[in-house]
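Worksheet: one structure, shown below.
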Amino acid sequence: MIKKIITLFVAISVAATVFAQGRVGSPYTRYGIGDITRSTLIRNNSMGGLSYTLPYNNGINHINPACVADIDTMTFIFDFGLNGGARIYSIEDPAFSQTKSDFHLSHLNFGFAVTKWWKAAAGVQPYSDVGYSISANDTLLNVDKNYLFAGDGGVNKVFISNAFKPFENFTFGVTASYLFGKIYQSGGIAFDDESGDYINVFEQNIIQVNDFTFDAGLKYRFSINDNNHFTIGGVYGYNSNLDAKRSSIVYHTLTTSSAIVDTVFQSDEELGIVGLPQTIGIGLGYQHSDKFFIGFDYTMQDWTGAAFFGNVDNLSNGQFFSLGT
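Structure (structure tokens):
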């Protein structure tokens with residue numbers, strides 16, 4: 002067991018350096034810490050994203066920490082995955098389109114039995130992605146200028162899940178996650194002018210996140226008879242306020258040169274808070290013998306009070322529905 006645990010943490014430490022890179026872009030990732038990644042694995046994805054009640058004794062279903070208790074007692078599981086994708090963004094006026102694609106390691110997870118009633122899992126995977134590049138032209142007051150916004154990076158997650166089975170058909174679990182990563186943001190106004198009458202202004206920010214967050218889950222299975230079983234599950238994610246640091250600089254350049262003329266503002270390692278949403282998820286599943294399973298999951302994320310360095314964006318709650326068989 003000691004050898005397994007040492008191997009586990011060495012692999013996680015190496016894998017952590019692979020993440021923290023901006024992936025397939027979206028203009029919506031400019032808000033907060035970016036697009037929150039759904040951490041579903043291959044079996045979950047093949048079942049429409051089901052996570053809260055899905056039985057999986059030969060894999061790791063850590064979305065509901067209680068499901069980690071399904072790991073077979075005699076099994077040591079190693080699971081990694083790769084993701085690829087492409088997105089096309091377009092606007093009608095003015096006509097413009099852009100294609101972004103990427104290919105990256107999506108997760109590296111381990112699972113094993115500590116005892117018959119105590120199972121554990123650990124791994125590393127992306128938590129959020131930031132990747133956007135936006136520009137807009139304006140000729141107001143007969144001055145040709147471009148508004149530029151760009152972002153890259155993301156937040157990663159190293160997690161440890163522990164699940165317990167105090168009695169038959171009931172399991173509960175907790176997950177402790179360490180979130181870390183950097184987000185790079187830039188913006189500015191660049192004038193299309195060669196006379197030197199105007200000065201460009203740019204801002205650059207680097208946000209570094211390092212903090213812990215926690216999730217809890219439970220699952221209960223009850224039988225109608227020997228062949229028909231129902232399972233209910235639930236997950237709660239605490240609305241954490243993550244400690245973060247931000248370094249900022251605002252500077253001017255000439256329209257005829259990219260050299261910095263003067264620095265308007267500079268701040269190193271400003272301390273702040275990055276808010277995460279409270280997450281509540283419930284699921285219901287039905288299983289007939291070992292041949293058929295159907296389930297439904299509902300997830301709600303409360304973003305209304307989530308702040309980013311004191312700034313609260315006008316965000317709506319996130320809702321996710323999953324149905325699979």
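Sequential numbering of the sequence shown, starting at 2, is according to my numbering. Backbone N, C-alpha and C fix where the C-beta goes; we use that ideal spot for every residue, glycine too.
Under 8 Å between C-beta atoms of residue i and residue j
i	j	result
Trp313	Ile34	Here the sequence assigns Val to residue 313, which means Trp is not the residue at that position. Contact: no.
Thr54	Ile233	yes
Gly235	Leu219	yes
Ile64	Asn45	yes
Ile200	Val262	yes
Asn318	Thr305	yes
Phe325	Gly49	Note that residue 325 is Gly in the sequence shown here, rather than Phe. A contact, by the Cβ cut-off of 8 Å.
Gln279	Asn240	yes
Ile78	Ile61	yes
heavy atom of the ligand ATP below 7 Å from residue i C-beta
i	result
Gln320	The ligand content of the structure shown is nil, which means the ligand ATP is not present either.
Nearest residue (CA-CA) to residue i, options the options
i	options	result
Gly238	Phe231, Phe215, Val202 and Ile250	Phe215
Phe173	Ser196, Pro66 and Asp36	Pro66
Ser40	Ala70, Leu109 and Tyr57	Leu109
His230	Cys68, Gln288 and Ile43	Gln288
Phe213	Gln186, Asn226, Ser178 and Phe293	Ser178
Gly155	Thr300, Pro28 and Ile37	Ile37
Phe181	Thr74, Ser323, Val125 and Trp119	Val125
Arg247	Ala137, Gln209, Gln279 and Ile78	Gln209
Phe150	Ile135, Asp139 and Leu142	Ile135
Phe334	Leu316, Phe168 and Ile43	Lying outside 2 to 326, the shown extent of the chain, residue 334 is not represented and no answer is given.
Tyr32	Gly152, Phe203 and Gly60	Gly152
Trp118	Ser323, Thr74 and Ile61	Thr74
His253	Ala137, Val202, Asn59 and Tyr221	Val202
Asn84	Thr76, Asn58 and Pro127	Pro127
Thr116	Thr76, Asp80, Lys146 and Asp139	Thr76
Ile281	Asn147, Ala217 and Ser259	Ala217
Residue i burial status per 10 Å Cβ neighbour count (16 or more: buried)
i	result
Thr264	exposed
Ser129	buried
Asp198	exposed
Gly23	With a pLDDT of 49 at Gly23, under the threshold of 50, the modelled position of that residue is not reliable, and the figure given next carries that caveat. Label assigned to Gly23: buried.
Tyr133	buried
Phe293	exposed
Asp298	buried
Ala123	buried
Asn157	buried
Lys166	buried
Phe160	buried
Ile184	buried
Ser162	buried
Ser290	exposed
Ser323	buried
Same chain, Cβ closer than 7 Å to residue i, neighbours up to 5 away in sequence not counted
i	result
Ala308	Ile274 and Gly276
Leu272	Lys246
Asn211	Phe181 and Asp244
Thr257	Glu195 and Gly197
Ala260	Thr254
Sequence-distant residues of its chain with Cβ nearer than 6 Å to residue i (five each side left out)
i	result
Pro95	Note that Pro95 scores a pLDDT of 49, beneath 50, so its modelled location is shaky; the value from the coordinates is reported in the next line. Cβ neighbours of Pro95 beyond the five flanking positions: none.
Gly82	Ser107 and His108
Gln205	Ser187 and Ile250
Phe266	Val251
Lys120	Val69, Ala70, Ile72, Ala114 and Ala164
Asn242	Ile274 and Gly276
Asp269	Ser248
Asp139	Lys146
Asn58	Asp71 and Asp73
Ile295	Tyr287 and Thr326
Ala137	Tyr148
Contacting residues, own chain, Cβ-Cβ under 8 Å from residue i (five flanking each side not counted)
i	result
Gly311	Gly273 and Ile274
Ala320	The question names Ala, but residue 320 in the sequence shown is Gln. The residues are Tyr299, Thr300, Met301 and Gln302.
Gln144	Reading off the sequence shown, one finds Val at residue 144, where the question assumed Gln. Taken in chain order, the residues that qualify are Phe192, Asp194 and Tyr199.
Ile225	Phe231
Practice item. Tell me, please, whether the stretch 167-181 touches the stretch 189-196 by the rule of three or more beta-carbon pairs shorter than 8 Å. Key: In short, these stretches do not touch, since the Cβ pair count stays below three.
Check your understanding: Are the stretch 278-288 and the stretch 43-54 in contact at 8 Å, needing three or more beta carbon pairs?
Key -> By the criterion of at least three beta-carbon pairs nearer than 8 Å, the stretch 278-288 is in contact with the stretch 43-54.
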